[in-house]
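The numbering used here runs 5 ahead of the 1-based position in the sequence shown. Cβ atoms here follow ideal geometry from the backbone N, Cα and C, with glycine treated the same way. This one's a predicted model, so the numbers in the text were calculated from it and none came from an experiment.
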Amino acid sequence: MNKGALALLIHGGTQNWSPERWKSRFDDVCKDRRVWLLPDPTCDAAEVCYAAVWKPRSGELAAFPNLRVMFNLGAGVDALMADSTLPKVPLVRVAVGDLTARMTEYVVLHVLMHHRQEPYLRASQREKRWAPRFQWPASAISVGIMGMGTLGSDAADVLRRLGFRVSGWSRSPKQLEGISCFHGNAQLDTFLQRTDILVCLLPLTPETQQILNRGLLAKLNPNSPMGAPALINAGRGGLQNEADILECLDDGTLGAASLDVFAQEPLPPDSPFWTNPKVVLTPHNAADTDPDEISKYVARQIERFEAGGALENVVDPGRGY
Ligand code: NAP
Ligand code: GLV
C-alpha cells in the first residue's frame, strides 16, 4: 500500500483548535505523507486516502473516490452520522487518555460542586453571610452515570475512589469494581430511582435523542440528601429536552444543573439558561481534543493500518456510536 494523502476538513472548532494548528501538527507527525487542509484548490481528491474531520459539511467526504478511512477529531460522531452521503469506509473516533482525563476532571469538578453546595457558599460569600449548612459525606450521595463507555467508566472509577456511591447505565451489561451496573431500558428506572446526581455521557443517537426529559428526570431520587437531584450533561445538547429541564428546575424536580452542551451552540444570548441561578453553564469545553495528542493518535492508526493492522475505536454505523 502506498502512503496515501490526508485531507483535513475542520469546521467550527474553538480558538486553540484552529485548522492551521491542526495542519501544523499533522505536518509534524505525517512527514512523508501529503497533508491538505481544505479548502485548498491544489488538492487532488483522487489522492486522498484518509480524512481527519470535525463537523464536515454534508457531502464533503463523498468527494474523495479513494478514501480508505475517516478519522473524527472528537469522541462524538453524531454530526457525521447525520450525513446520508457518508462514504462506506471505516470511521474512527477519538478515545485517548488525554481526552478521558479532561472529561473526568469536568465530571468530578461538577459533582463536587453540587455535593459541596458551592453555588450556595459562593452566594453566601457575596452577601457576607456566615451561614454554614450541614455537609453530608460523599458516601451519602449516589452518582448515576448514563453512558459507561470510555469517558463514563473512567469518571465512575474516580468518583468511586472519592467515596461516592456510583451506578452506571449502558446498553450492554458490564461488571466494574465497586460500581453498580445497570443496562438497557428494563433497568433504567431502578438506576434512576437511586440517583442523586445524574451525569450524562451518552452519545447522541436516534435512541438517545432528548432522553433527558421530564419523564426521566422525575424518576430521580426525590428524597436525595441534597434536597433535590442534580443533572450534569456533558454528552450532547440533543440529549436534553431543554424546555423540560427549565421546568424541572423551576418546580424543584431538579435542584441544580451543570450543562456543557446545548441544542443550539453557541447558546443564543436570549437563552434562559444564561441567567438561571440553578444552572452552572460551560461553553462545550468539558473535554477539548488536543491537536498534539490527537494528531499522533491518527498518524499511529494510519501507519498501523497501512502495515496491515487493525484500526481501533471504529464506529458501528448501525448503533450510531
Ligand atoms: P463511548 O465509549 O462510545 O460510550 C458510550 C456509552 O453510552 C456506552 O457505555 C454505551 O453503552 C452507552 N450507550 C449508547 N447508547 C445507549 C443506549 N441507547 N442506552 C444505554 N446506553 C447507551 O463514548 P465516549 O467516548 O464515552 O463518549 C460519550 C459522548 O461524550 C460522546 O459521544 C460525545 O457526545 C460526548 N463528549 C462530549 C465532550 C464535551 O466536551 N462535552 C467531549 C467528548 C465527548 P455500551 O457500553 O453498552 O455500548
Ligand atoms: C467533543 O464534544 C467530542 O465529541 O469530542
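Residues that DSSP places opposite residue i in a beta bridge
| i | result |
| --- | --- |
| Y55 | L11 and V74 |
| M151 | W174 and C205 |
| I237 | V204 and S263 |
| L362 | Here the chain covers residues 6 to 326 and nothing more, so residue 362 does not appear. |
| V285 | S263 |
Burial state of residue i, where buried means 16 or more other Cβ atoms lie within 10 Å
| i | result |
| --- | --- |
| P288 | exposed |
| N71 | exposed |
| D201 | buried |
| D255 | exposed |
| H115 | buried |
| D194 | exposed |
| F31 | buried |
| S63 | exposed |
| F139 | exposed |
| R166 | exposed |
| S229 | buried |
| R98 | buried |
| N290 | exposed |
| S175 | buried |
| A191 | exposed |
| H16 | exposed |
| S177 | exposed |
| G173 | buried |
| D45 | exposed |
| D83 | buried |
| A87 | exposed |
| A262 | buried |
| T294 | buried |
| A292 | buried |
| R309 | exposed |
For residue j and residue i, believed in contact at Cβ under 8 Å, the rounded distance
| i | j | result |
| --- | --- | --- |
| G325 | P211 | 7 Å |
| Q198 | K224 | 6 Å |
| A136 | G168 | A136 to G168, Cβ: 26 Å. No contact. |
| G243 | L209 | 4 Å |
| F278 | L264 | 6 Å |
| A12 | V53 | 4 Å |
| T109 | D33 | Contact doesn't hold; Cβ gap of about 28 Å is too wide. |
| L14 | L43 | 5 Å |
| G9 | R241 | With 8 Å as the limit, G9 and R241 do not qualify as a contact, their Cβ atoms being about 31 Å apart. |
Secondary structure of residue i, DSSP reduced to three states
| i | result |
| --- | --- |
| I216 | coil |
| Q122 | coil |
| Q198 | helix |
| A80 | coil |
| C186 | strand |
| V116 | helix |
| L96 | strand |
| Q140 | coil |
| V319 | strand |
| Q245 | strand |
| Y101 | The sequence given here has Val at residue 101, not Tyr. Coil at V101, not helix or strand. |
| Q180 | coil |
| M108 | helix |
| E25 | helix |
| A160 | helix |
| I146 | coil |
| F169 | coil |
| Y302 | helix |
| Q269 | coil |
| P296 | helix |
| E65 | coil |
| E308 | helix |
| L193 | helix |
| S229 | coil |
| W135 | coil |
| A223 | coil |
| D275 | coil |
| D256 | helix |
| A50 | helix |
| A291 | coil |
Interface flag, residue i vs chain D, CB-CB below 7 Å
| i | result |
| --- | --- |
| E317 | Here chain D cannot be found, since the structure has a single protein chain. |
At least three beta-carbon pairs within less than 8 Å, the stretch 20-31 to the stretch 62-69: Put simply, the stretch 20-31 does not touch the stretch 62-69. Fewer than three CB pairs are less than 8 Å apart.
Stretch pair the stretch 230-243 + the stretch 207-220: three plus CB contacts closer than 8 Å: Yes: at least three Cβ pairs fall under 8 Å.
The stretch 244-254 touching the stretch 92-107, judged by at least three CB pairs closer than 8 Å: no
Cβ contact (3+ pairs, closer than 8 Å) linking the stretch 36-45 and the stretch 257-272: no
Cβ contact (3+ pairs, closer than 8 Å) linking the stretch 284-303 and the stretch 101-112: Yes: the two stretches touch, three or more of their Cβ pairs being nearer than 8 Å.
The stretch 54-61 in contact with the stretch 123-135 per 3-pair CB rule at 8 Å: Contact between the stretch 54-61 and the stretch 123-135 is absent, because fewer than three Cβ pairs lie under 8 Å.
Contact the stretch 303-323 vs the stretch 274-285: 3+ CB pairs below 8 Å: no
The stretch 142-156 touching the stretch 174-186, judged by at least three CB pairs closer than 8 Å: yes
Three CB pairs or more closer than 8 Å across the stretch 310-317 and the stretch 118-126: no
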